[in-house]
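Residue numbers (this note's numbering): 73 to 399.
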């Protein structure tokens, strides 16, 4: 769970957090849609959704918000909130899993939907975000982030990724689904970087703390090495601040003192590992700083309301009941 390379002194804490994001591709789709058309996407817990308009245009409706997406636009829906993509406002939307599709890879599908009107080509990715760091990041992001890279010279790399995605989507070259999957991962980081550099970036909270040159350093060390026997003195030293100043600054940004945050972070990270790996509970406990499995289990139950074993079993039952994409 720790970053094996550590966190170099020159690292920007926020950049390090983006580096440690863990996204697993669940579904990639290339859709060719003729107006009128509409697709209703269900709630996807612990997932990020990324629709990219490669050509044409469409309307994105999510949580009461409506956005017009032109060619060269992309959106990030960080918490898998239900949403609709449609050729125009008011068009009837079909549930995603009711639409016909062509399975062209283990996790890659193609769709041709709608009528004979103007066509829109979309690349769509659903990415699993079930590790602790990514979940914490997603919790502080807005419901949707929309970026139009068509005419912004400052973000040439963003437009380059969109052009590559459009090229791959327009051909049937060997390995095209793999290329699109990798590009979708890159696009998520670019969308996050672009939003974080804008005026809407938060002034307080976890993201603001990561952006702080002092508190952010201490947070990065906690995230990279949760098993270390951290003390307030050691964390303040990492932040290059006095202990009292560090505690005050940390608490004002995060909303809780450093050692309480560290305890919660360890248990959040443990929950994520328990529910996505088969590592023994004692091993997970050790990775997040507990020398005693019994002490870890007590702390875990206080935090999550369930034992580590129960949390793991509940996740497995939930995964077994969830339908496969496109089913």
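Note that CB positions come from ideal geometry on N, CA and C, so glycine has one too. Keep in mind it's a predicted model, so treat the numbers as computed, not measured.
Just tell me which of the options has its CA closest to the CA of residue i.
i           : options            : result
residue 189 : 115, 235, 124, 110 : 110
residue 204 : 377, 345, 354      : 345
residue 464 : 120, 114, 336      : The shown model of the chain, from 73 to 399, leaves out residue 464, and the question about it has no answer.
residue 130 : 239, 108, 117      : 108
residue 134 : 161, 127, 254, 153 : 153
Evaluate residue i with the Cβ neighbour count: other Cβ atoms within 10 Å of its Cβ, from every protein chain shown; 16 or more gives buried, anything less gives exposed.
i           : result
residue 283 : buried
residue 298 : buried
residue 285 : exposed
residue 381 : exposed
residue 172 : exposed
residue 77  : Note that residue 77 has pLDDT 35, beneath the 50 cutoff, so the model's placement of it is unreliable and the number below is only indicative. So residue 77 ends up on the exposed side.
residue 317 : exposed
residue 193 : buried
Using 9 Å as the threshold, is the C-beta distance between residue i and residue j below it?
i           : j           : result
residue 164 : residue 105 : no
residue 176 : residue 113 : no
residue 319 : residue 199 : no
residue 150 : residue 209 : yes
residue 195 : residue 100 : yes
residue 357 : residue 368 : yes
residue 417 : residue 261 : A query on residue 417 cannot be resolved here, the shown segment of the chain reaching from 73 to 399 and no further.
residue 287 : residue 326 : yes
residue 342 : residue 372 : yes
residue 251 : residue 197 : no
Looking at chain C, is there any beta carbon in it that lies within less than 9 Å of the beta carbon of residue i?
i           : result
residue 337 : Of the protein chains in the structure, only one exists, and it is not chain C.
So what does residue i bridge to, in DSSP terms?
i           : result
residue 195 : 102, 124
residue 175 : 181
residue 129 : 142
residue 400 : Because the chain is modelled from 73 through 399, residue 400 falls outside the range shown and cannot be assessed.
residue 167 : 112
residue 148 : 217
residue 343 : Answer is none; residue 343 lacks a bridge partner.
Should residue i be counted as a contact of the ligand NAD given a C-beta to heavy atom distance under 8 Å?
i           : result
residue 161 : With respect to the ligand NAD, the structure shown offers nothing to examine, as it has no ligands at all.
- Message: Could you check whether the stretch 292-306 touches the stretch 327-347, counting it as contact only if at least three pairs of C-beta atoms, one from each stretch, sit closer than 8 Å?
- Response: yes
- Pairing CB atoms from the stretch 285-294 with CB atoms from the stretch 259-267, are three or more of them under 8 Å? no
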